[in-house]
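Undergrad:
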Amino acid sequence: MEKDLFSKFSQVHYREPMKDHTSFRLGGPVDVFIEPQSPDEIQEIIRLCKEESLPWMVLGKGTNLIISDQGLDGVVIHMGQAFEKIEKIDQKTIRAYSGASLKALAEFALDLSLEGLEFAHGIPGSVGGAITMNAGAYDGECVQVVKEVCLMTRQGQVKVLSNEEMDFAYRHSRVQEEKDIVLWASFTLEEGDPVKIQEKMEDLWQRRLSKQPLEYPSAGSTFKRPPGHYAGQLIDQAGCRGLYHRGAQVSQKHCGFVINKDGATTQAVVELIETVQKLVKDQFGVDLETEVKVLGR
0 MEKDLFSKFS QVHYREPMKD HTSFRLGGPV DVFIEPQSPD EIQEIIRLCK EESLPWMVLG
60 KGTNLIISDQ GLDGVVIHMG QAFEKIEKID QKTIRAYSGA SLKALAEFAL DLSLEGLEFA
120 HGIPGSVGGA ITMNAGAYDG ECVQVVKEVC LMTRQGQVKV LSNEEMDFAY RHSRVQEEKD
180 IVLWASFTLE EGDPVKIQEK MEDLWQRRLS KQPLEYPSAG STFKRPPGHY AGQLIDQAGC
240 RGLYHRGAQV SQKHCGFVIN KDGATTQAVV ELIETVQKLV KDQFGVDLET EVKVLGR
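No gaps in the numbering here: position 44 of the sequence shown is 43 in numbering that gives the first Met the number 0, and each next residue is one more.
In structure tokens form, the structure reads like this:
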């Protein structure tokens with residue numbers, strides 16, 4: 000690939016290891032890794048990729064991805080520091096750009112004594128990723144507080160959609176089908192007591208610390224909740240708690256998490272996930288669908 004194709008961009012890297020940009024700490028190199036500084040730069044990157052028939056994808060905090068050991072072809076558009084802005088719009092509305100962390104978003108709301116985003120405080124991801132999958136925890140979801148979302152289509156067009164137009168559902172939004180890029184989202188919140196908001200955030204964080212294997216690299220909850228069941232409970236009942244495979248392990252603390260315990264490869268993690276799925280299917284007839292996405296060559 001000609002390096003001069005993307006030389007106009009100030010933040011561009013070649014053969015960038017994706018393990019440095021995912022929470023699982025897995026993944027080989029991508030051909031081109033670019034951090035755009037504006038929506039205009041995103042549009043230009045898309046145009047160049049289209050002209051050269053290069054595959055491309057958007058990356059936030061990399062908390063819900065497993066990248067192949069062989070890496071990725073094409074271009075990764077990383078929503079980095081230029082897209083981490085959070086701002087107050089009015090008394091009950093804040094806007095966060097797609098690269099902002101959910102932790103920063105929740106703390107911004109706390110500083111304004113606004114409640115409704117406490118659930119997001121411990122979710123290790125970006126606003127863009129959270130909107131894409133309608134992220135949630137502890138009975139809270141993005142759909143409950145999102146007012147509108149600004150998207151860029153794969154053709155480079157910008158549009159603003161309402162909450163209803165986003166087709167939010169469990170771990171789903173229209174972004175997943177249309178592959179649009181989240182530029183920002185606005186959130187409508189309620190005025191609250193900052194002491195109570197902080198107490199709730201701290202309580203949820205302590206619950207997460209006690210129940211989840213946060214000391215190991217992972218992509219968070221590995222499986223979606225199957226209808227009528229809990230994934231972790233099924234996995235435990237299938238005898239998979241602590242199941243170990245070439246550095247990857249089903250967490251002893253929470254069976255819904257597959258972790259990178261000891262220098263696992265992506266292949267080992269995927270093989271362990273497939274083993275868990277087969278054991279649960281064989282014993283209970285339930286298909287476990289992954290919440291994490293596996294990408295790569």
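Quick reminder that beta carbons are idealized off the backbone N, C-alpha and C, glycines included.
Remember, predicted model here, so these are calculated numbers, not experimental data.
1. Compute the Euclidean distance between the alpha carbons of VAL269 and GLN236, then round it to the nearest angstrom.
2. Going straight from the alpha carbon of GLY135 to that of VAL142, what length do you get?
3. Between the Cα of PHE5 and those of GLY26, ILE41 and PHE186, spot the shortest distance and give me the residue it belongs to.
4. Hey, how far is the Cα of GLN300 from the Cα of GLU189?
5. Enumerate in chain order the residues of its own chain whose CB-to-CB distance from PRO193 is below 7 Å, with the five nearest sequence positions on each side excluded.
6. My assumption, with CB atoms under 8 Å, is that SER125 sits in contact with SER161. Please give the rounded CB distance.
7. May I ask you to report which of helix, strand or coil DSSP gives PHE82?
8. DSSP puts TRP183 in a beta bridge; with which residues?
9. Who pairs with GLU15 in a beta bridge, going by DSSP?
10. Report yes if the C-beta distance between GLU290 and PHE222 is below 8 Å; otherwise report no.
11. Note down, in chain order, each residue of its chain lying with its Cβ closer than 8 Å to the Cβ of GLU147, except the 5 sequence neighbours on either side.
12. Relative to the C-alpha of PRO28, which residue among GLU15, ILE93 and GLY191 is closest?
13. Quick one: give me the first and last residue of the beta strand (DSSP E) that ILE122 is part of.
14. CA-CA distance, VAL74 and GLN36?
15. In angstroms with no decimal places, state the Cα-to-Cα distance between GLY191 and ALA119.
16. Just tell me which of GLY121, LEU278 and GLY231 has its CA closest to the CA of ARG207.
17. Can you give the Cα-Cα distance for MET165 and GLN197, rounded to whole angstroms?
18. In the structure shown, what three-state DSSP assignment does ASP89 receive?
19. Assuming ASP192 is part of the alpha helix (DSSP H), what are its boundary residues?
20. Specify the secondary structure class of ASP39 as computed by DSSP and reduced to three states.
21. Measuring straight from C-alpha to C-alpha, what distance separates THR264 and GLN90?
22. By the three-class DSSP mapping on this structure, what secondary structure does PHE5 have?
23. SER250 by DSSP, collapsed to three states: which one?
TA: Looking at the atomic coordinates:
1. 21 Å
2. 9 Å
3. ILE41
4. Nothing in the structure corresponds to residue 300, since the chain is present only between 0 and 296.
5. LEU109 and SER112
6. With a Cβ gap of about 21 Å, SER125 and SER161 do not count as contacting.
7. helix
8. TYR96 and CYS149
9. VAL29
10. yes
11. VAL159, LEU160, SER161, ASN162, ALA184 and SER185
12. GLU15
13. No beta strand (DSSP E) contains ILE122, which DSSP labels as neither H nor E.
14. 16 Å
15. 16 Å
16. GLY121
17. 29 Å
18. strand
19. Neither: ASP192 is in no alpha helix (DSSP H) and is coded neither H nor E.
20. helix
21. 48 Å
22. helix
23. coil
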